[in-house]
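See structure below.
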Amino acid sequence: MALPVLAGLLGTLIPALDGGFDRLAEWPGLRGAMGLSLVTGFASTGVSLALALLLTAALYGTPAFVRVQRLLAPVLSLPHAAAALGLAFLLAPSGWIARAISPWATGWTVPPDLLTLNDTGGVALILGLVVKEVPFLLLMILSALPQTDAARRMMLCRTLGYGRVRGFALTVLPALYPQLRLPVYAVLAYAMTSVETALILGPTLPPSLSAQVVLWMNAPDLQGRGLAAAGAVVQLVLVIGALLVWRAGEILCRIALPALAQSGRRGLWLDQPLAILARVMGGGLALAMAAALAGLALWSVAGPWQFPDALPDRLTLSTWSRALPDLRDSAVVTLAIAALSTLAALALVLGCLEAEHRFALHPGAGAMWLLYLPLVMPQVAFLPGVQMLALQAGLGGTVLAVALMHLVFVLPYVFLSLSAPFRAWDTRIAAAGATLGAAPARVFWRLRLPMLMAPVLTAAAVGMAVSIGQYLPTLMAGGGRVETVTTAAVALASGGNRRLIGAYGLLQIVLPALGFVLELALPALVWRNRRGMRA
Amino acid sequence: MTAALALDQFRVTLADQSVVHLDVSVQAGEVLTLMGPSGSGKSTALAAMIGTLAPDFRQSGRIWLAGRDITGLPTHARRIGLMFQDDLLFPHLSVGGNLAFALPPRVKDRALVVAAALVDAGLSGFDHRDPATLSGGQRARVALLRTLLAEPKALLLDEPFSRLDAGLRGQIRSFVFDQARARGLPVILVTHDIEDARAAGGRVLTPLGQAVGIGPAPV
Chain A
246 MALPVLAGLL GTLIPALDGG FDRLAEWPGL RGAMGLSLVT GFASTGVSLA
296 LALLLTAALY GTPAFVRVQR LLAPVLSLPH AAAALGLAFL LAPSGWIARA
346 ISPWATGWTV PPDLLTLNDT GGVALILGLV VKEVPFLLLM ILSALPQTDA
396 ARRMMLCRTL GYGRVRGFAL TVLPALYPQL RLPVYAVLAY AMTSVETALI
446 LGPTLPPSLS AQVVLWMNAP DLQGRGLAAA GAVVQLVLVI GALLVWRAGE
496 ILCRIALPAL AQSGRRGLWL DQPLAILARV MGGGLALAMA AALAGLALWS
546 VAGPWQFPDA LPDRLTLSTW SRALPDLRDS AVVTLAIAAL STLAALALVL
596 GCLEAEHRFA LHPGAGAMWL LYLPLVMPQV AFLPGVQMLA LQAGLGGTVL
646 AVALMHLVFV LPYVFLSLSA PFRAWDTRIA AAGATLGAAP ARVFWRLRLP
696 MLMAPVLTAA AVGMAVSIGQ YLPTLMAGGG RVETVTTAAV ALASGGNRRL
746 IGAYGLLQIV LPALGFVLEL ALPALVWRNR RGMRA
Chain B
17 MTAALALDQF RVTLADQSVV HLDVSVQAGE VLTLMGPSGS GKSTALAAMI
67 GTLAPDFRQS GRIWLAGRDI TGLPTHARRI GLMFQDDLLF PHLSVGGNLA
117 FALPPRVKDR ALVVAAALVD AGLSGFDHRD PATLSGGQRA RVALLRTLLA
167 EPKALLLDEP FSRLDAGLRG QIRSFVFDQA RARGLPVILV THDIEDARAA
217 GGRVLTPLGQ AVGIGPAPV
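The listed protein sequences derive, respectively, from chains A and B.
Its first residue numbered 246, the first sequence is counted upward by one per residue in the numbering used here.
Its first residue numbered 17, the second sequence is counted upward by one per residue in the numbering used here.
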């Protein structure tokens, strides 16, 4: 896993040495782009982490928390690009929010000249990142919580008279955060360097640094290459610097926490306002997401829809029927790539986990870093190098090349999703099989794999969703010749054909959702007569 | 005559501390009971005999089964059957599927063999049942059938009766011992229940090889 990343890094950096840095320094937008990268990174990561932790602290063990858990999978399976496009439809000066309050409340009869989208401060971009990162961090918290003894620690705090939030922060968080660290680093790095969310929601003049690097890469002149490489190096240094700053913050918190704990203040007064804040913000995000998706769906079937009407005059399927051949082709390519990369990832992950079981191996913290490397490394810093390597290997621009590139990103998520249930499987079943004369291979294929069907399918659905959502890796490995629903949707975003964007956006939502439907339906169908296999 | 199952200076140590030390042979049809409180090395002895000992343990001595040295063999090649404390029926397979899993691949007419075994155990027509719908006694019988259908050359019992309620325990116990005797299997029973030891009717040892007096059954 580290090999393509590091090789790609080298391949990216070398062109930068050829005068790239000098030209980059002359680019007037450099300071603004660097500042934007840092601001969006810290703001969206800070807000996402705080909100995910607050939702857990204030709502853990309540019915509201169960609702939050149910919402996680559909929101997680949503590609960043689809979420961003939906939000853009909502927030734009001619978007749904403006239409809903016009003209009766605002008096607008034409879209106002406001920068509600692509604002220079990056507020829309930060919002677009937060809606996707909160569910991701919540999922990571949920999978780590059982190992922290959270329920008993929180109960103990209650009996000592502590408020929920303060008790959580003082007793659960110190055990929880070490397991959250790598996912948080991945979120920080992603937020600083995201290309498709920045292209859709971020400022345009100048754009974010990573988005500008991609624009330079695609520039026809050869000067662009050196500039892009230099920009990628600067982006990498920025991310490393930001991670170090974040790490310093972690250390400060670790020093401050015991002092806070010893003050003995119970913080009971915090609970109610924070619970309300958590509900309002969590509910607001869920509502924004739902409205964004509904907007995509509605535009894809909208007939004439004048500003400031809240709804289109009539509904029509003409967008779908006109674009059907294109939509179908890119859906087939998207699914083929997702299936290839997910199957390969499943084979590799199951192989690793089974080897770990058979040879009693204990992977250390280093292995986790290796796994997270492709998620923490800025994509613009290593993908161009990987692309060059792929071209030299004669693999450029094929579905296979794109699937291989996706594997780098699909594999970590498949591993994260599958490793815990695989390791939690009762190994006495394996011993029982062995004493009945079954060799390890037979135990794996006939006992372990069938019994783990549900988590394997979940991991497959996660892998498919990750692959479907990839933008930059598809663009780079595909060389513009392989078009998935995600690259097509992002390419359309600047054009402004909202009906077509809506159709592609909806397809981006439906394809990963299909995987999750199968993941729920198949085990229920196969195990309908096996009570012991129902969760 | 050579013993069916022989433990030859069989010793397991953990950090230089002896946990198991047995030098004993078990004849065909005989039941040897290993008794002791929990933590006394009973499960370690069983794990060592079937070859699933955790790497922290050290093991020396040899295990002979039907004249063959099986000490270095992997679990699946040892041909020692084991009945667990929990029945550990495979939840994703039907009752018949669980039994067919145990049958050696060379056996023909597998469905017929499975059905006949179920009839013998008083479970006729249970082939397609979901194991999760069986009663405790039925599960225990299916678990024993499954162990026996794999054609083991020795039988280990890991407190297989402790989860059954008192009324059922005697019944399942005699079912297990009768089946083992009928097949001439050497049996090692691990238990902390003195009633199990009395019902087994053979020698009783601690995991470290000392004889245990169990006294006569109460009148």
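From the three backbone atoms N, C-alpha and C, an ideal C-beta is built for every residue, glycine too.
All values reported here derive from a predicted model rather than from experimental measurement.
Item, Value
"Looking only at its chain, what residues have a beta carbon closer than 7 Å to the beta carbon of B:T91, apart from the 5 residues adjacent to it on each side?", "I66, G67, T68"
"Can you tell which of A:A396, A:A493, A:L335, A:R726 has its C-alpha closest to the C-alpha of A:N363?", "A:L335"
"Are the beta-carbon atoms belonging to A:V578 and A:V621 less than 8 Å from one another?", "no"
"Output, in sequence order along the chain, the residues in the segment 668-680 of chain A whose CB is closer than 7 Å to any CB in chain B.", "R673, I674, A676, A677, A679, T680"
"My assumption, with CB atoms under 8 Å, is that B:L104 sits in contact with B:R95. Please give the rounded CB distance.", "Not confirmed; about 19 Å, so no contact."
"Counting only beta-carbon atoms, is A:M534 nearer than 8 Å to chain C?", "Chain labels in this structure do not include chain C; the protein chains are A and B."
"For A:F266, which residues from the same chain have a beta carbon less than 6 Å from its beta carbon, with the 5 sequence-adjacent residues on both sides left out?", "A475"
"Looking only at its chain, what residues have a beta carbon closer than 8 Å to the beta carbon of A:D554, apart from the 5 residues adjacent to it on each side?", "R344"
"According to DSSP, is A:A683 helix, strand or coil?", "coil"
"Taking DSSP as the reference, what is the three-state secondary structure of A:W272?", "coil"
"B:M17 by DSSP, collapsed to three states: which one?", "Unreliable positioning characterises B:M17 in this predicted model, as indicated by a pLDDT of 43, which lies under 50. A coordinate reading is not provided."
"Can you round the beta-carbon distance between A:Q424 and A:Q392 to whole angstroms, since I take them to be within the 8 Å contact cut?", "7 Å"
"Could you name the residues that DSSP lists as bridge partners for B:Q75?", "B:V28"
"If you draw a straight line from the alpha carbon of A:F667 to that of A:P503, how long is it in whole angstroms?", "36 Å"
"What number of angstroms, rounded off, separates the C-alpha of A:G297 from the C-alpha of A:T587?", "In the sequence under discussion, the amino acid at residue 297 of chain A is Ala, which differs from the Gly named in the question. Between A:A297 and A:T587, the C-alpha separation is close to 28 Å."
"Could you give the distance in angstroms between the alpha-carbon of A:L569 and the alpha-carbon of A:S545?", "12 Å"
"Closest Cβ-Cβ distance between A:N463 and chain B: below 8 Å?", "no"
"What does the alpha-carbon distance come out to for the pair B:G141 and B:V203?", "29 Å"
"Run through chain B and tell me which residues come within less than 8 Å of A:A683, C-beta to C-beta.", "H92, F117"
"Going by DSSP in three states, A:L545 sits in which element: helix, strand or coil?", "The sequence shown places Ser at residue 545 of chain A, not Leu. In the structure shown, A:S545 sits in a helix (DSSP, three-state: H, G or I)."
"Please confirm whether B:P71 has its beta-carbon closer than 8 Å to some beta-carbon of chain A.", "yes"
"With distance defined between alpha-carbon atoms, name the residue in A:I521, A:M437, A:A456, A:I445 nearest to A:A487.", "A:M437"
"Of all the options B:D72, B:P120, B:M99, which has the alpha carbon lying nearest to the alpha carbon of B:A93?", "B:P120"
"So, is the C-beta of B:T60 closer than 8 Å to a C-beta in chain A?", "no"
"In chain B, which residues lie less than 7 Å from A:N793 when you measure between Cβ atoms?", "Not covered by the structure: residue 793 of chain A. The range shown for chain A is 246 to 780."
"For a cutoff of 8 Å on Cβ pairs, would you count B:L21 as touching chain A?", "no"
"What residues of chain A sit near B:A156, judged by a beta carbon separation below 7 Å?", "Within chain A, no residue comes near B:A156; the closest Cβ sits about 14 Å away, beyond 7 Å."
"At 7 Å on the CB atoms, spell out the chain B contacts of A:N774, in chain order.", "D146"
"For A:W690, is the classification buried or exposed, using 16 other Cβ atoms within 10 angstroms of its Cβ as the cut-off for buried?", "exposed"
"Quick one: Cα of B:D72 to Cα of B:G57, how far?", "14 Å"
"Apart from the five residues just before and just after B:K169, which ones in its own chain have a Cβ nearer than 6 Å to its Cβ?", "L81, A82, R95"
"Taking 8 Å as the threshold (beta carbon to beta carbon), is A:A251 in contact with chain B?", "A small correction: the amino acid at residue 251 of chain A is Leu; Ala does not occupy that position in the sequence shown. Chain B, which has no Cβ nearer than 8 Å to the Cβ of A:L251, makes this no."
"If the cut is a Cβ gap below 7 Å, which residues of chain B does A:A605 touch?", "P71"
"Could you tell me which of A:T301, A:G286, A:P260 sits nearest to A:L522, measuring between CA atoms?", "A:T301"
"With the cut-off set at 8 Å, would you say A:G286 and A:L460 are in Cβ contact?", "no"
"Please list, in chain order, all residues of the same chain as A:M698 whose beta carbon is under 6 Å from its beta carbon, the five residues on each side excluded.", "P768"
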